[in-house]
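Numbering (my numbering), first residue to last: 3 to 541.
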């Protein structure tokens, strides 16, 4: 069973990352099969938290588009390079698949063979050459093994259509000769004495004892079939290795990780019906048929700490959202089926998860309690944010006891670790916790940095403003802003693209607002910053 993926928004912060881990633990305890993921690089604060509680960083998730591996493709549908054309024909006939991948002995894809290739071999192929294995001949002719000395048979085919005397006069038999013969014992004697490569006895003919002894002495392979000479001559050609008929011209393979929609778009241009499926190591897994494209299984996902498409993973429209746990406003994500949607007016997603643990009577381990505590501290700014509720306070008190940690002291350490901008460029500072919103098809981008050393960031305000202007001009943001939240002063400095000055004056009711203006008590992006801007733009 494929795992359900649980993840937060594109700019992972402490609440979104820890919530994914905490919810995954709960779900798995309840019998589900889930895995936490992140949609981007974690910030310094979150890295501090995970290291403190010795929890691994979740794997990165690039997208949740439906991939070829999520389709009911024909698995293990291929031929080995040493299989016969006969076997390939039967396989295509039985599966009703007209083009089959061919693999090497180490399962690597080397090309494909089609029913057309088989027909071409019968009509215009060189029917005088045999390059195959002893076993392939047995299979094609439904034959009996009489003498075997060579596993691989590579020679020229001769059939006894002449009188014995004429045959021996005109045909030279040697160790590269493949002889198809009935009860022409003088020709058989001629062939074994000249060390023929292989003798194929037709019509169930048995070789004389003395000829058999000569054949054994001269290492002549011998096979017996009940087919007549004409049938044998036709079928033996089909025992040839299929690898000699492989074509890689215009044959397009797909990777199991390719997007289904991308492959369908390509198939619409190429007009083929079958495509070999490979893994990242070139191993053939089977074949994708256009007729099975609708038999697919979208990835199952659970969203935490967000419910807006712009903030979520690439390909979300193709995934099956089975649950959302969030504490933000209801966004624009739609589903085709009813889902569990837990949305509460609390300061942190972790508070909701705390309640879910209690409701399901699942014990909270110390490390999980530590992650819950960290998320609540981060999102409520140590319970000072206006988004903070009594539920947040009660949850924090409880999980801190379980974790056996002084949450106030720990919170200051956590904020200090997350405040450092050492080694970060301007883009990393702005986009570290940056969320996109839209109103009337206008892009709004709001970044926030919570810090205990605001001066370190504000010393670079000219560079920040220049980058915000670039985002406005090049990325078509109506508003591009960064709020630098000073944890100690309980307020935020605001920096914005120059063309949005009037918006900020009206949204925050500040006459002739300047860059780096300090907004006292403004610390919540969710409850204070975004609503004021959006409400003004919506007028």
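Think of the CB as a built atom: it goes at the ideal place given N, C-alpha and C, for glycine as much as any other residue. As the structure is a computational prediction, the values presented were derived from the model and not from experiment.
Looking at C-alpha atoms only, which residue of the options is the closest neighbour of residue i?
i	options	result
residue 246	104, 313 and 470	104
residue 539	480, 402 and 527	480
residue 185	168, 196 and 206	206
residue 288	17, 478, 101 and 13	101
residue 391	57, 348, 400 and 60	348
residue 253	243, 232, 275 and 240	275
residue 151	225, 71 and 44	225
residue 526	210, 236, 329 and 55	329
residue 310	299, 332 and 291	332
residue 490	461, 299 and 385	385
residue 344	188, 230 and 25	25
residue 523	398, 387 and 257	387
residue 42	191, 422, 115 and 61	61
residue 269	292, 409, 248 and 257	292
residue 215	157, 420 and 195	195
residue 240	117, 515, 27 and 467	117
Following the continuous beta strand (DSSP E) through residue i, name the residue where it begins and the one where it ends.
i	result
residue 495	493 to 498
residue 479	479 to 488
residue 161	154 to 161
residue 39	36 to 40
residue 279	276 to 280
residue 181	179 to 183
residue 188	Per DSSP, residue 188 belongs to no beta strand (DSSP E); it is in the alpha helix (DSSP H), 187 to 195.
residue 210	From DSSP, residue 210 is part of no beta strand (DSSP E); its letter is neither H nor E.
residue 306	302 to 306
residue 6	6 to 9
Applying the 10 Å Cβ sphere with the 16-neighbour rule, what's the burial state of residue i?
i	result
residue 512	exposed
residue 313	buried
residue 389	buried
residue 537	exposed
residue 178	exposed
residue 437	buried
residue 377	buried
residue 382	buried
residue 352	buried
residue 457	exposed
residue 461	exposed
residue 13	buried
residue 260	buried
residue 339	exposed
residue 119	buried
residue 114	buried
Please go through the same chain and pick out, in chain order, the residues whose beta-carbon is closer than 6 Å to the beta-carbon of residue i, but skip the five residues on each side of it.
i	result
residue 405	368, 371, 372 and 375
residue 74	294 and 297
residue 29	36
Below 8 Å CB to CB, which residues in the same chain sit around residue i once its five sequence neighbours on both sides are set aside?
i	result
residue 238	132, 139, 142, 143, 159, 180, 182 and 202
residue 107	82, 83 and 84
residue 303	6, 7, 8, 9, 66, 315, 318, 321, 322, 323 and 324
residue 418	454
residue 494	450, 485, 486, 487, 488, 520, 521, 524, 525 and 531
Ordered along the chain, which non-local residues of its own chain (more than five positions away) have a Cβ less than 7 Å from that of residue i?
i	result
residue 545	With the chain represented from 3 up to 541, any question about residue 545 goes unanswered, as that position is not in the structure.
residue 501	474
residue 111	103, 105, 255, 278, 280, 284 and 286
residue 57	23, 369 and 373
residue 218	149
residue 93	81 and 102
residue 478	445
residue 492	386, 523 and 525
residue 532	439 and 448
Name the DSSP bridge partner or partners of residue i?
i	result
residue 522	493
residue 62	40
residue 97	BP columns for residue 97 are empty, so no partner.
residue 328	345
residue 131	158
residue 105	82 and 111
residue 437	448
residue 73	298
residue 249	114
Provide the residue span of the alpha helix (DSSP H) that contains residue i, from first to last.
i	result
residue 229	Careful: residue 229 lies outside any alpha helix (DSSP H) and carries neither H nor E.
residue 172	166 to 172
residue 533	532 to 539
residue 24	16 to 31
residue 430	428 to 433
residue 368	368 to 382
residue 265	262 to 272
residue 514	Where residue 514 is concerned, there is no enclosing alpha helix (DSSP H), given that its DSSP letter is neither H nor E.
residue 444	Careful: residue 444 lies outside any alpha helix (DSSP H), inside the beta strand (DSSP E) at 444 to 453.
residue 50	46 to 54
residue 291	Element bounds for residue 291: not the alpha helix (DSSP H) but the beta strand (DSSP E), 286 to 291.
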